[in-house]
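The structure under discussion appears below in the form of structure tokens.
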Amino acid sequence: MRVRRSAATFAASTTTLGTPSIDDLGSRLAGLSLSLPADILPSSDSDSDGESVYVLRNRRVTSSGSRPVQSQPAKSGSVFCSGTNKHGKRCGNRTLQGQFCRYHCNTSLVPRIESEALAKAQLGWLQTETWNKLAGLLNQPIDAADGEGFIYVAYLEGEEIPPDELHIKFGRSVDVSRRLTEWQARCPSCKRVCILSMRAQQCHKRLERMMLLVLQDLAANHAYRIPAFPENEPPKRAVGCDGCPLTKPANEVCKDCGVTHIEQFKFDFSLPHEDGKSKDEIQSYIELFCGLLRHHLDCRPAEELRIRRKSMS
11 MRVRRSAATF AASTTTLGTP SIDDLGSRLA GLSLSLPADI LPSSDSDSDG
61 ESVYVLRNRR VTSSGSRPVQ SQPAKSGSVF CSGTNKHGKR CGNRTLQGQF
111 CRYHCNTSLV PRIESEALAK AQLGWLQTET WNKLAGLLNQ PIDAADGEGF
161 IYVAYLEGEE IPPDELHIKF GRSVDVSRRL TEWQARCPSC KRVCILSMRA
211 QQCHKRLERM MLLVLQDLAA NHAYRIPAFP ENEPPKRAVG CDGCPLTKPA
261 NEVCKDCGVT HIEQFKFDFS LPHEDGKSKD EIQSYIELFC GLLRHHLDCR
311 PAEELRIRRK SMS
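Going by the working numbering, 320 is the number at position 310 of the sequence shown; the sequence numbering is gapless.
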């Protein structure tokens, strides 16, 4: 016999993990506000431990209708939709493009993120497409093939890099020191200084994909130039010379190896300081956000984050 659960019971039962302690991470952002944004409010429900369930309003998954999901033949390159139906089960539709099928691609049908730690990262500045992809990755089940590894952040130093620009390299590896040494040998014109090395117990490949999505959006649409960042709304999409919106910044071909490095991002701070955030604030925000995502996937205490600084020659 099927039992229909009330909305309150379902919301309380879908809390993915308890609220982690992020005091150490929060102290790194003295210049940034980490209060909950207006559209993220505590629900009236609570879990068995008495902790509030945080729900992202107006971005909650709803069913496309009362019709049953019909099985579809698998197509080459197709994947299951990352949306969730009203019963809390993954959508059975397949899609060839993106994370969601046509029933779940609307902004109001994005999977909700019920994590206070992620809410504190202030994600309202993300473009709709980026938010949809990020939410889809966060709500995917754990993949046993995506195991332990390291993710790292390094900034580039060189004579050709203007002082008012910040160039960041993000990647993953099982051996960060060896990986950065290989980069230095292949592209010697810029020195890569490791500012963050973090061990992920699981899903380190997915963590890299999520961080690349966020950094791509941040670098392409310049949300960091808005004084209210990271509490601001999504900025107007940057446009190219042909007037079309840019989905990512134009990457230059490396003069050393002749390859376009898609994992390197440029942030321009040529505007006055009062018009946006500084280099140190953006760097701290990236470190915090990466730590929160890692903790969301890894379920390890935030106090175990190991952040070290060293120069790779």
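Glycine included, every Cβ here is placed at the ideal spot set by N, Cα and C.
Given the structure is predicted, the values throughout are model-derived calculations rather than measurements.
- Sequence-distant partners of Met220 (beyond 5 residues in either direction) whose C-beta falls short of 7 Å from its own C-beta, in its chain, are Leu144, Leu147 and Leu303.
- Taking 8 Å as the cut-off, the beta carbon of Leu176 is found closer than this to the beta carbon of Phe277.
- Note on geometry: alpha-carbon atoms of Ile171 and Tyr165 lie some 11 Å from one another.
- Contact annotation: Cys267 and Cys200 have beta-carbon atoms that are not nearer than 8 Å.
- Taking all protein chains in view, the Cβ of Lys246 is surrounded by fewer than 16 other Cβ atoms within 10 Å, so the residue is classified as exposed.
- Membership of Arg219 in the alpha helix (DSSP H) is indicated by the continuous run His214 to Asn231.
- The segment 156 to 163 makes contact with the segment 204 to 219, as at least three CB pairs between them are under 8 Å.
- Membership of Arg100 in any alpha helix (DSSP H) is not indicated, and neither H nor E is assigned to it by DSSP.
- In the three-state reduction of the DSSP assignment, Glu158 falls in the coil class, being assigned neither a helical nor a strand state.
- Between Arg100 and Ala154, the alpha-carbon positions lie close to 18 Å from each other.
- With contacts defined as CB atoms closer than 8 Å, Pro240 and Trp141 fail to qualify as a contacting pair.
- For Ser183, the three-state secondary structure derived from DSSP is strand.
- If you draw a straight line from the Cα of Tyr295 to the Cα of Ile236, it is about 14 Å long.
- If you ignore the 5 residues before and after Val89, its C-beta comes within less than 7 Å of the C-beta of Arg104 and Thr105, all in its own chain and listed in chain order.
- Between Glu291 and Gly181, the gap from beta carbon to beta carbon reaches 8 Å or more.
- Judged by DSSP in its simplified three-state form, Ile272 adopts coil rather than helix or strand.
- Within 10 angstroms of the beta-carbon of Lys265 lie fewer than 16 other beta-carbons, which makes it exposed.
- The residue among Asn242, Arg112 and Leu222 with its C-alpha nearest the C-alpha of Ile178 is Leu222.
- CA-CA distance, Arg216 to Cys91, rounds to 17 Å.
- Your pair Asn231 and Gln137 checks out as a contact, with CB atoms roughly 6 Å apart and the cut at 8 Å.
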